[in-house]
Amino acid sequence: MASILVSEVMTGTYEFEDSGGDSVKNLSEAKVDVEYTIREIETNDNELKSFLFTLGCYEGETVTVISVLAENYVISVKDARYSIDWELAKAIIV
Amino acid sequence: MKIALTGNPNSGKTTMFNAITGKIEHVGNWAGVTIEKKEGDIKKNLNKTGIEITAVDLPGAYSMSPFTSEESITRDFVKNENPDVIINIVDATNLSRSLFFTTQLMELGIPVVVALNKSDLNEKKKTAINVKALSKALGCPVIKTISTKVSDNGLEALISKAVEVKGKSQTAPYDSKRIDFANAKAVEASDKKRYEFVNSIVSNVEDRKVSSNHQTKQDAADRILAHKWFGIPIFAAVMWAVFSISQTHLGPLLADTFAGWIDGLYAWTEGMLGEGVSPILSSLLLDGIIGGVGAVVGFLPLIMVLFFLLALLEDCGYMARVAVVMDRFFKRVGLSGKSIIPMVIGTGCAIPGIMATRTIKNERQRRTTAMLTPFMPCGAKLPVIALFAGTFFDDAAWVGTTMYFMGIAIIILGALIVVRITGEKNARSFFIMELPEYRFPSIKRATISMLSRGKAFIIKAGTIILLCNAAVQVMQTFNWQFQVVAEGAESTSILASIASPFAILLIPLGFGVWQLAAAAITGFIAKENVVGTLAVVYSITNFIDTEELALVSGGADVASVMGLTSVAALAYLMFNLFTPPCFAAIGAMNAEMEDRKWLWGGISFQFGMGYVVAFLTYQIGTLITTGSLGTGFITGFIAVAVMVGYVVHLVIKGNNKAQQKLKMSA
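Spelled out as structure tokens, the structure:
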């Protein structure tokens with residue numbers, strides 16, 4: 001059982017891809033306290049996309065990363081704070 | 001007349017519902033606490049019309065297009081049940097998001113009144129909203145409210161305005177009626193325009209001095225409380241403090257006073273019965289009912305202190321941060337951070353906890369969470385924890401804290417196994433959660449929450465638990481020939497003969513006697529019964545002593561009556577905590593899982609987990625404390641090996657399935 005646990009933790013560790021220069025592509029590479037304009041939500045999950053839309057998180061709107069906590073990002077959209085995970089941050093193209 | 005309360009999650013709908021109806025529904029400072037609609041009549045002092053007005057509290061929604069099942073409850077209600085008026089509760093600190101939903105509600109043709117709630121928070125942030133201009137722009141009345149305040153909260157004005165607009169027509173400020181809803185592109189374009197329209201209103205009516213995307217003290221607090229490394233130790237320390245106060249310090253102090261009253265009742269009843277009453281009846285009344293129920297109710301003060309503290313934690317906004325901290329670990333095992341919400345609610349009672357799994361979209365995650373939520377020690381299990389902590393471990397706070405973290409550890413392990421069995425380890429999911437603002441917790445709300453939970457506890461003790469204890473007492477008094485069991489021949493009683501076969505199975509766990517088996521069995525009806533039945537079968541009138549200021553009178557005496565070592569006692573405690581929950585909670589699991597295979601798999605898993613955990617605790621603990629293994633090691637080991645072997649077999653099968661899926665998608 002212990003070995004399963006270890007392997008799960010190992011495979012679960014995300015590998016951060018090289019961002020390739022200074023240009024920030026998505027929210028996971030964004031600098032804290034800088035306001036970005038969303039260019040696209042890159043996902044096949046239409047439901048997620050629509051849900052983000054109802055929160056005011058869609059192309060043309062602005063978003064600011066407030067803090068980075070382990071694998072979660074605290075972001076400010078409209079006048080609220082949300083915690084999103086790394087995968088979602090990667091899907092928000094700025 | 002019917003009024004629907006609608007609004008974004010955590011805008012304060014249930015707080016307002018409680019304030020206008022006088023009901024005490026569960027509230028919390030986080031999104032998604034309400035998952036079902038609730039109805040109540042509006043209080044007379046707010047309703048001057050004389051007509052009966054029913055308020056309907058609905059789960060929070062961000063829009064009319066439902067993304068979660070509780071959002072669709074809201075949409076279906078306002079669309080199908082034709083409320084006379086909609087009160088749209090708008091979080092005044094977040095106008096730009098909330099008004100999106102408001103403009104959608106106004107298209108329904110039902111008169112809308114906007115309650116601009118949390119307006120007190122805006123004053124603190126120096127944000128001003130021009131209510132008149134907002135009302136004009138929307139085309140509906142707007143009333144400032146602060147539903148957490150007792151007076152001067154705008155609620156009376158809100159209700160009279162709602163009565164006034166009934167039957168009147170309003171024009172929607174933004175109308176999407178001509179749009180072809182089958183055309184996704186057109187809908188998207190229309191919704192974007194809607195947001196533009198909302199933005200233009202907000203820029204006209206809102207005067208914001210401090211932009212919301214600047215760092216605040218709250219953000220600094222988040223960085224500490226949800227920190228990568230400190231998050232978990234802080235959570236552990238908070239839980240330890242909760243247990244220390246409720247189980248070691250304040251709780252026992254109150255419990256002592258309370259136990260004095262129960263002792264008094266016992267003595268008074270004994271005196272009233274006098275000499276002439278049949279000994280069977282008097283023992284049924286005294287030992288069975290007052291003794292058994294009293295033993296359970298004696299723990300009420302401890303539980304109420306604990307509920308009070310948990311309510312404070314929920315109210316201050318900390319729980320949403322706990323979800324963020326746990327997300328990292330839950331994601332590793334195929335659950336989402338949202339799974340923590342049912343588990344936190346499950347600390348009160350597993351049933352609403354299991355029902356809260358509805359907020360999880362992914363079916364497998366939802367079922368897994370419903371199956372694992374009962375591992376969190378609920379309110380009914382607290383008397384059991386308190387009894388064993390008091391009897392065997394000198395009221396130590398670590399016992400309760402450890403049980404919570406054991407629960408979390410078992411949940412994580414369980415999720416890991418389930419995700420492997422289902423072969424869906426490669427499935428991806430996203431996590432997003434609104435972080436509510438921290439606030440100073442309200443003593444009043446915590447008190448109300450504590451009292452309502454305490455009341456439910458007393459009602460349960462006076463009904464189910466009373467009946468069970470009476471039944472246990474009768475079954476213990478008589479044998480199958482309905483003759484009174486002779487002294488020294490207790491093992492011939494009905495109770496003993498039913499429980500004995502089960503007791504044999506429990507020998508490898510260190511507590512293979514019929515009394516303990518009987519208590520564990522009655523625990524499936526309600527977990528408090530474990531305490532009540534132990535009191536009856538060992539005829540201990542009261543676990544709590546008034547003289548010594550000790551929670552459990554002569555802990556050593558009780559321990560010796562039960563004939564358990566500390567290690568076996570800990571094993572017994574864990575067995576009771578981590579086996580399947582009570583029948584009512586199993587019923588809730590059935591309802592939320594909607595699948596027989598999952599239900600029976602879940603129950604078997606819970607049985608297996610309880611057995612394995614108790615076995616390991618007893619055998620390893622005995623090995624450490626005495627240097628040799630406990631009784632029945634070999635048989636128990638075989639049983640555990642078979643169970644683990646079967647799970648491993650299922651995991652391997654699941655892995656193959658996962659690989660096939662990968663190949664198919666490749």
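For the record, the sequence lines run as chains A and B.
The letter at position 28 of the first sequence is residue 28 when you use the UniProt record's numbering, and the numbering goes up by one with no holes.
The letter at position 335 of the second sequence is residue 335 when you use the UniProt record's numbering, and the numbering goes up by one with no holes.
All C-beta atoms in this analysis are idealised placements derived from N, C-alpha and C, irrespective of residue type, glycine included.
Just so it is clear, the structure is predicted and the values come from calculations on it, not from any experiment.
Judged by their CB atoms, E314(B) and N10(B) are not nearer to each other than the 8 Å cut-off.
Listed by position along chain B, the residues whose Cβ is nearer than 7 Å to that of K78(A) are N94, S96, R97. Contact fails between the segment 351-364 of chain B and the segment 483-499 of chain B, because fewer than three Cβ pairs, one in each stretch, are under 8 Å apart.
When rounded, the separation of the alpha-carbon atoms in K48(B) and S67(A) is 49 Å. In the structure shown, A486(B) adopts coil according to DSSP, grouped into three states. According to the DSSP assignment, Y538(B) belongs to no alpha helix (DSSP H), since it is labelled neither H nor E. The Cβ atoms of F607(B) and T579(B) sit closer than 8 Å to each other. Between P374(B) and F299(B), the CB-CB gap reaches or exceeds 8 Å.
Your pair A226(B) and V325(B) checks out as a contact, with CB atoms roughly 5 Å apart and the cut at 8 Å.
Straight through space, the alpha carbons of V474(B) and L284(B) are spaced by roughly 7 Å.
The beta carbons of G12(B) and S147(B) sit about 6 Å from each other, so the pair counts as a contact at 8 Å. The secondary-structure analysis by DSSP pairs R208(B) across a beta bridge with T127(B). Assigned with DSSP and collapsed to three states, N117(B) falls in strand. Listed by position along chain B, the residues whose Cβ is nearer than 9 Å to that of S83(A) are D222, A226, A320, R321, A323, V324, D327, G337, F431, I432, M433, E434, L435. A Cβ-Cβ distance of about 6 Å is found for the pair L335(B) and T369(B), placing them in contact under the 8 Å criterion. Rounded to whole angstroms, the gap between the alpha carbons of C582(B) and M376(B) is 13 Å. Within chain B, Q215, D219 have C-beta atoms less than 7 Å from the C-beta of I66(A), given in sequence order. Restricted to the segment 402-468 of chain B, the beta strand (DSSP E) segments that are unbroken, complete and at least 3 residues in length are 432-434, listed in chain order. For L27(A), there are no neighbours in chain B by C-beta distance under 9 Å, as the nearest C-beta there is about 12 Å away. With contact defined as three or more Cβ pairs closer than 8 Å, the segment 48-62 of chain B and the segment 125-136 of chain B are not in contact.
Contact between the segment 55-65 of chain A and the segment 78-91 of chain A is present: 3 or more CB-CB pairs across the two stretches fall below 8 Å. Of the other Cβ atoms in all chains shown, 16 or more fall within 10 Å of the Cβ of E434(B); this residue is therefore buried. Residues of chain B whose Cβ lies closer than 7 Å to the Cβ of E71(A) are, in chain order, R328. DSSP places N18(B) within a helical segment (H, G or I) once states are collapsed to three. Taking CB atoms only, E87(A) has a neighbour in chain B less than 8 Å away. Per DSSP, the beta bridge partners of N88(B) are T6(B), V114(B). For T54(A), a Cβ of chain B is located within less than 8 Å of the residue's own Cβ. Taking the CA atoms as reference points, R39(A) sits about 14 Å from E29(A). Rounded to the nearest whole angstrom, the C-alpha separation of A409(B) and R194(B) is 46 Å.
For F607(B), none of the residues of chain A pass the 8 Å Cβ criterion, the least Cβ distance being about 18 Å.
Taking the Cβ atoms as the reference, G462(B) lies roughly 16 Å from M304(B), outside the contact range of under 8 Å. Beta-bridge partners assigned by DSSP to R97(B): none are found.
Residue environment: Q481(B) is assigned as exposed (fewer than 16 neighbouring CB atoms within 10 Å of its CB, all protein chains considered).
Around E35(A), the beta-carbon contacts reaching into chain B at under 7 Å are N213. In the structure shown, the three-state DSSP call for A320(B) is helix. Residue environment analysis places S665(B) among the exposed positions, since fewer than 16 neighbouring C-beta atoms fall within 10 angstroms of its C-beta.
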